[in-house]
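Undergrad: Before I ask anything, let me first share the structure, which is written out below as structure tokens.
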Amino acid sequence: MSALVPLRAQLASLGSYQSLQAEAEVRLNTNESPYPPPVTWQRALAEAVGDVDFHRYPDRDASGLSRAVAALHGVGAGEVFCANGSNEVLQCLLLAFGGPGRRALVFEPTYALHAHIAGLTGMEVVTETRGADLRIDPDRWPGAIERADPDVVFLCSPNNPTGRTEDPDAVAAVVEAAPGLVVVDEAYGQFSSWSALTLRGAHDGGPEPAGDGGEPAGGPQPAGGGAEGLVVVRTFSKTWAMAGARLGYLVADPQVVAGCRAAALPYHLSAQTQLAGVLALRHENEMTERVRKVADARAQLAQGLGELDVETWPSDANFVLFRPRAKDARDVWSALLADGVLVRDFSTREGLEGCLRVTVGTPKENERFLEALAGALR
Ligand code: PMP
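Using numbering that gives the first Met the number 0, count along the sequence shown one by one with no gaps and you end on 377.
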């Protein structure tokens with residue numbers, strides 16, 4: 000007789016990882032772009048979708064898209080793995096290189112999905128806390144790496160939800176010291192002045208993806224340059240304004256890419272998603288323009304927050320972390336929602352007690368938020 004079985008322990012606490020969704024006029028809770036993608040991209044996509052052979056499976060290795068991403072970063076197509084959002088990139092990476100008997104090191108508070116996905120694959124997750132400036136602490140991270148001897152170290156730069164970019168020298172030193180992979184999650188990398196991609200040494204580009212259903216050509220080859228274990232993860236969800244398209248990628252040694260391809264389901268990336276990515280990469284200038292607009296709006300938001308009774312942290316991303324000084328954060332969150340503005344509540348997360356996070360919106364949305372916050376703090 001069949002029976003229900005208990006949920007896997009790693010999933011039992013899933014609720015705490017999910018961001019609360021609520022109807023709101025102004026949604027500033029999930030760090031999306033406040034602007035839709037360029038109309039020219041939308042038109043090009045609509046036209047090109049008409050030519051897709053939907054009765055055929057898509058290119059299994061997303062070779063055209065990988066080549067386009069590789070060209071963007073000046074790396075080889077064999078160093079690029081694309082998936083349905085950077086969350087799926089991380090999932091494939093950890094299915095391939097995590098799992099039972101392996102250890103991940105995370106620096107909290109950070110993006111909760113790193114520890115969550117690592118735990119889902121059966122990894123042991125070791126936690127170290129950040130320094131007072133919410134970056135990795137030079138007095139603590141070397142000891143943490145030595146004690147944990149991790150298979151995978153997670154960095155997040157700029158870090159979500161705290162907003163700061165890691166110091167380039169610190170990231171280089173972690174890459175040097177870590178015994179295994181160092182994953183630098185750069186979901187907000189385009190907002191930052193520095194990318195860990197610059198730490199990748201001389202490389203030969205790796206084998207080309209074979210395209211249409213074939214196995215990757217050639218054997219794995221080392222990237223060289225002393226940063227073989229460096230994995231940089233990026234997404235189209237933020238600056239590229241394509242959260243709804245679900246597209247992310249990593250740049251890493253071809254052996255890492257081959258591992259991710261082995262872990263991914265066959266044909267996981269649909270033909271239209273691949274197309275959306277290839278066409279988006281032809282609009283790099285518009286995307287760069289958005290980064291500037293969002294950075295300007297962030298300055299406006301930070302200035303407005305500075306005039307209210309809240310503590311704030313500097314941000315290199317498209318969100319700002321803040322803590323009401325005299326009011327309970329949960330009450331402020333509820334008052335904002337009642338006023339039609341949804342932000343993200345981190346007030347019960349360890350290390351972020353009393354904190355809320357607001358995504359940078361359009362100048363009008365930011366004004367709305369600041370007005371609602373002023374009201375909520377009165
Ligand atoms: N990494 C970080 C640091 C994020 O903040 C997010 C989205 N909130 C992701 C990865 C996942 O992004 P996506 O799956 O949309 O690419």
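Even glycine gets a Cβ: it sits at the ideal position worked out from N, Cα and C.
Taking a cut-off of 6 Å, which residues have a beta-carbon closer than that to any heavy atom of the ligand PMP, in chain order?
TA: Those residues are Asn30, Gly84, Ser85, Asn86, Tyr110, Cys155, Asn159, Asp184, Ala186, Thr234, Ser236, Ala242, Gly247, given in chain order.
Undergrad: With a Cβ-Cβ cutoff of 9 Å, do Trp332 and Phe321 count as a contact?
TA: No; because the gap between Cβ atoms is not below 9 Å, this pair is not in contact.
Undergrad: According to DSSP, is Gly243 part of a helix, a strand, or is it coil?
TA: Here Gly243 sits in helix by DSSP.
Undergrad: Quick check: the Cα distance between Leu335 and Phe368, rounded to an integer number of angstroms?
TA: Each residue's alpha carbon lies about 8 Å from the other.
Undergrad: Give a yes or no on whether the C-beta atoms belonging to Val79 and Tyr248 are separated by under 9 Å.
TA: Taking 9 Å as the Cβ cut-off, Val79 and Tyr248 qualify as a contacting pair.
Undergrad: Measuring CB to CB, does Val124 end up less than 9 Å from Leu180?
TA: Against a cut-off of 9 Å, the Cβ pair of Leu180 and Val124 comes out as no contact.
Undergrad: Looking at the strands, I want to know which residues DSSP matches up with Ala82.
TA: Its beta-bridge partners are Gly247.
Undergrad: Looking at the secondary structure, which residues open and close the alpha helix (DSSP H) in which Val68 lies?
TA: Here the alpha helix (DSSP H) through Val68 covers 62-72.
Undergrad: From Cys81, Ala43, Ala186, Val231, pick the residue whose C-alpha is nearest to that of Val402; which is it?
TA: Because the chain is modelled from 0 through 377, residue 402 falls outside the range shown and cannot be assessed.
Undergrad: Indicate whether Pro94 and Leu112 have their beta-carbon atoms separated by less than 9 Å.
TA: In the sequence under discussion, the amino acid at residue 94 is Leu, which differs from the Pro named in the question. No; because the gap between Cβ atoms is not below 9 Å, this pair is not in contact.
Undergrad: With a threshold of 8 Å, are at least 3 pairs of Cβ atoms found where one atom belongs to the stretch 259-274 and the other to the stretch 17-30?
TA: Contact between the stretch 259-274 and the stretch 17-30 is absent, because fewer than three Cβ pairs lie under 8 Å.
Undergrad: Could I get the ranges of all uninterrupted beta strand (DSSP E) runs contained in the stretch 110-185, with 3 residues as the minimum, in chain order?
TA: Qualifying beta strand (DSSP E) stretches, in chain order: 123-128, 151-155, 180-184.
Undergrad: For Asn284, count neighbouring Cβ atoms within 10 angstroms of its own Cβ and tell me buried if that reaches 16, exposed if not.
TA: The residue in question, Asn284, is exposed, as its Cβ has fewer than 16 Cβ neighbours within 10 Å.
Undergrad: Starting from the C-beta of Val416, find all residues in its chain whose C-beta is less than 8 Å away, skip the five residues before and the five after it, and write them out in chain order.
TA: Within the shown structure, residues of the chain are numbered from 0 to 377, placing residue 416 beyond reach of any answer.
Undergrad: Could you check how far apart the C-beta atoms of Leu268 and Asn83 are, in whole angstroms? I think they sit under 8 Å.
TA: Going by Cβ atoms, the distance from Leu268 to Asn83 rounds to 6 Å, so yes, they are a contact pair.
Undergrad: Alpha carbon to alpha carbon, what distance is there between Tyr56 and Gln189?
TA: For Gln189 and Tyr56, the distance between alpha carbons rounds to 32 Å.
Undergrad: Output the distance between the C-alpha atoms of Ala117 and Asp252, rounded to the nearest integer angstrom.
TA: Approximately 20 Å, taken between the alpha carbons.
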